[in-house]
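Inspection log for the structure reproduced underneath, given as structure tokens.
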Amino acid sequence: MANELDWHRNKSGFAALLGPPLGWFLLFFAVPMAVVWAYSFGTNSGIADIEISGTFANYARALEPLYLGILGKSLAFAALATLICLIVAFPVALAISFAPPQLKTWLLIGVMLPFWTNLLIRTYALIAILRDEGLLNMALTSAFGWAGVGPLAIMNSNMAVMIGLVYVHLPFMVLPLYAALDRLDRSLIEAALDLGAGHVRAIFTIVVPLAVPGILSGLLLTFIPVLGSYLAPDLLGGPDSQMIANVIERQFKRANDWPFGAALAFLLMYLTLFGIAAQAMMQRKRPVD
Amino acid sequence: MGTIIEFRNITKRFGPVVAVDDVSLTINEGEFFALLGPSGCGKTTLLRMLAGFELPTRGQIFIDGKDISRAPPNRRPVNMVFQSYAVFPHLSVLKNIEYGLRMDGVPAAERRARAEAALSLVQLEGYGERMPDQLSGGQRQRVALARAVVKRPRVLLLDEPLSALDAKLREELRFEMSALQDKLGITFVMVTHDQDEALVLATRCAVMNKGSLMQVATPADLYEFPASRLVADFIGSVNLFAGNVRSEEANHAIIDLPELGISAWLDHGTGTSETVQLWLALRPEKVELMKRGTTDRPPVMEGTPPGYNVAAGTILDIAYLGSESVYDIRLDGPETGKEGKRIRVIRPNLTRWDQEDFTWDEPVWIGWHAEAAHILQQ
Ligand SMILES: Nc1ncnc2c1ncn2[C@@H]1O[C@H](COP(=O)(O)OP(=O)(O)O)[C@@H](O)[C@H]1O
Ligand SMILES: [Mg+2]
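And the structure:
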């Protein structure tokens, strides 16, 4: 009796602990996904009725130039936003990894703080900053108004969307980069300096190459949510700033075309899975260090 | 052989910790100089200030007469072999060695030639294309060495270069490093906590303790003429007996040793007076062991020079080490019935039967020549 909790003797008893999480996973992830996946092969047979007819028509429609164009633009937006995130986040992560230990914790909390604030609120806060009479333009005109620098029309443009995407997703990039840079042996950097490199060259010849695994996971971790972004283009963008998630949302809501929305959503997911697989392959090819 | 490095009143603090405390030191060109001391005494910090990774809180450092105290690491004519080797894991052996030359803008052809030469200098020909994770610890150490010397620095800095290797490899590399220094003629400054390493390799040693220099001398002088009890105890092992001068002549002195109840002859004057507290330092291998039997008279030996010192004792313990045996002896002391001082004696096993000469609890005489002991005043 005393050994009931001994996992050596009672393996099946402990396997039973898997039950609740497995059930949770099936009920709230696998089943809904399967349903939506089935929808993507269906046709609307009434206002609320969907017939799973096994048609590929939805996918064919998703590959029409109109939607491919939006998908292409989304990919380009996501790629650019991810790249900007990398360029901005790298120095930030490097600085945090070199900060004194007590300060490090606070800086990391500072990076993560926005995560704990509602995305909608953060996006509206960004509107307050970027709009024509916003904080940014107020600061600009009061500082440089004498030189003719007038208010900038940033809102409702691709630029505003880009700013929003970068702002929201920066932590996704900073954290994996920080994890990689913090592990880096400091004496490698010192060796580079000792051998005649300046700080900049030491960073590009030693730090960056050794941080490649962290950079790859940062790119992936950022790119995926950016690609599926919906609020930033919706609230900050103009008429030509829609990304694929906005189109999908419209199918499920206003257009009430669930099968088509499902096909678009799964197309996006196939792309994402493909990206993850590619990254995993690249990681595997690198020698373990 | 002029001065190449000078530390002038160097102090380094880390917050409240004084890592290096007012160190002044000169190192000569071509020397193999060792910084020796217990862990945490500030050796690495001193070396890192020379390399430019730490800036002194106070004081100046000169190389070739130029004040480089605040120069960045890449502007100093020194290169370092790191304790962890710090071989770049993403570069091949050859690329590692070429790195410093590439930073200096040396043309590719010359770079390759010099790197290959450095590789053969450390006996790693044919390893150029290997990645660091395909090398053993000893090979990585050699890569670090080649990478540093290929830049032809004025001074090569080594931070505990052999501490991560196993004993046999360590011994092998000691000789190689010594040969390398002879061949290159570069000044080496090495940090180590291993006294054997320092004694074997260095032409001169600085012994540090708690951030301060205790003594700077050749290995033989450190061992035979330590400046303090601390140095005597850190380098090798030593028997210390407190005492005072009883009589002082130009060419000899007699020291009272109350703990032993005898007066000892010394082959030189001490330059002090009777009131000064002294310590007689006696290395274990400089003490002789003689049979006592049941007689209470010291042995009168044929040809013994004047001033041979004798005391009575009993063997407490024997450690047989093959090449020698170490005897732990309780001296009889001044008062009968009271336990006296202990002394450690090392006796070489000159024949296969020497180890059987003495046994536990055996009464013995110990003796030492007037030239064997060294007097310490601190
Ligand atoms: N970067 C640092 N920050 C704070 N204290 C340090 C730093 N580097 C060394 N110290 C302290 O300075 C003292 C000397 O260290 P170190 O020079 O590494 O000693 P050693 O090399 O002789 O073992 C130690 O007490 C150590 O804790
Ligand atoms: Mg050290």
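Just so you know, the protein sequences line up as chains A and B, in that order.
Residue numbers for the first sequence follow our numbering, beginning at 1 and rising by one.
Residue numbers for the second sequence follow our numbering, beginning at 290 and rising by one.
Where a beta carbon is used, it is the ideal one built from N, C-alpha and C, also for glycine.
Model, not experiment: these values are computed from the prediction.
From residue i to residue j, what distance separates their C-alpha atoms?
i: ALA690 of chain B; j: GLU465 of chain B; result: Because chain B spans 290 through 667 in this model, residue 690 of chain B falls outside it and cannot be assessed.
i: THR481 of chain B; j: ASP194 of chain A; result: 20 Å
i: PHE530 of chain B; j: ALA662 of chain B; result: 10 Å
i: ASP471 of chain B; j: PRO442 of chain B; result: 15 Å
i: GLY291 of chain B; j: ALA308 of chain B; result: 28 Å
i: LEU447 of chain B; j: GLY560 of chain B; result: 40 Å
i: PRO239 of chain A; j: ALA263 of chain A; result: 23 Å
i: ASP394 of chain B; j: ALA197 of chain A; result: A small correction: the amino acid at residue 394 of chain B is Gly; Asp does not occupy that position in the sequence shown. Computed Cα separation, rounded: 11 Å.
i: LEU424 of chain B; j: ARG403 of chain B; result: 21 Å
i: MET579 of chain B; j: SER612 of chain B; result: 19 Å
i: LEU251 of chain B; j: VAL534 of chain B; result: The requested residue 251 of chain B is not part of the displayed model; chain B covers only 290 to 667.
i: GLY214 of chain A; j: PHE303 of chain B; result: 32 Å
i: SER40 of chain A; j: THR82 of chain A; result: 29 Å
i: VAL615 of chain B; j: ASP353 of chain B; result: 47 Å
i: TYR416 of chain B; j: ALA433 of chain B; result: 13 Å
i: LEU555 of chain B; j: ALA659 of chain B; result: 5 Å
i: TYR124 of chain A; j: PRO366 of chain B; result: 57 Å
i: GLY532 of chain B; j: ALA406 of chain B; result: 59 Å
i: TRP37 of chain A; j: MET112 of chain A; result: 34 Å
i: PRO345 of chain B; j: ALA375 of chain B; result: 24 Å
i: SER53 of chain A; j: ALA62 of chain A; result: 17 Å
i: VAL527 of chain B; j: PRO515 of chain B; result: 11 Å
i: PRO421 of chain B; j: MET497 of chain B; result: 34 Å
i: THR141 of chain A; j: LEU390 of chain B; result: 51 Å
i: ASP356 of chain B; j: TYR609 of chain B; result: 54 Å
i: LEU120 of chain A; j: PRO91 of chain A; result: 28 Å
i: GLU563 of chain B; j: ARG581 of chain B; result: 33 Å
i: GLY19 of chain A; j: PHE25 of chain A; result: 10 Å
Output yes if chain B places a C-beta closer than 7 Å to the C-beta of residue i; else output no.
i: ALA211 of chain A; result: no
i: SER187 of chain A; result: yes
i: ALA191 of chain A; result: yes
i: MET1 of chain A; result: Confidence is the limiting factor: at MET1 of chain A the pLDDT is only 49, short of 50, which leaves the residue's position unreliable, though a coordinate-based value still follows. MET1 of chain A does not count as touching chain B.
With a cut-off of 7 Å, does the C-beta of residue i fall near any C-beta of chain A?
i: PRO362 of chain B; result: yes
i: SER452 of chain B; result: no
i: ASN368 of chain B; result: yes
i: GLN428 of chain B; result: no
Given that residue i touches chain A, what residues does it touch there, using C-beta distances under 7 Å?
i: MET392 of chain B; result: LEU195, GLY196, ALA197 and ARG201
i: PHE303 of chain B; result: Under the 7 Å cutoff, chain A gives no residues; its nearest Cβ is about 12 Å from PHE303 of chain B.
Give me the chain B residues within the contact set of residue i, using Cβ-Cβ distance strictly less than 8 Å, ordered along the chain.
i: GLU133 of chain A; result: Simply none; closest approach about 48 Å.
Could you list which residues in chain A have their beta carbon closer than 8 Å to that of residue i, in chain order?
i: LYS440 of chain B; result: LEU195 and GLY196
Identify the contact partners of residue i in chain A, using a Cβ-Cβ distance below 9 Å as the criterion.
i: ARG436 of chain B; result: ALA191 and LEU195
With respect to 6 Å, is the separation between the Cβ of residue i and the closest non-hydrogen atom of ligand 3 below this value?
i: ALA491 of chain B; result: Because ligand 3 does not appear in the structure shown, any question about it cannot be addressed here, the ligands present being ligand 1 and ligand 2.
**Q.** Contacting positions in the region 194 to 208 of chain A - beta carbon closer than 7 Å to chain B
**A.** Taking 7 Å as the Cβ-Cβ cut-off against chain B, the residues of the region 194 to 208 of chain A that qualify are ASP194, LEU195, GLY196, ALA197, GLY198, ARG201 and ILE206.
Q. Just by C-beta distance, which residues in the region 369 to 388 of chain B are closer than 7 Å to chain A?
A. Listed by position, the residues of the region 369 to 388 of chain B near chain A (Cβ gap below 7 Å) are MET369, PHE371, SER373, ALA375, PHE377, PRO378, HIS379 and TYR388.
(Q) Any C-beta of chain A within less than 8 Å: which residues of the region 336 to 364 of chain B qualify? (A) Answer set for the region 336 to 364 of chain B: ALA340, GLY341, PHE342, PRO361, PRO362 and ASN363.
Q: May I ask you to list, following chain order, the residues of the region 393 to 405 of chain B that have a beta carbon less than 8 Å from some beta carbon of chain A?
A: Listed in sequence order: ASP393.
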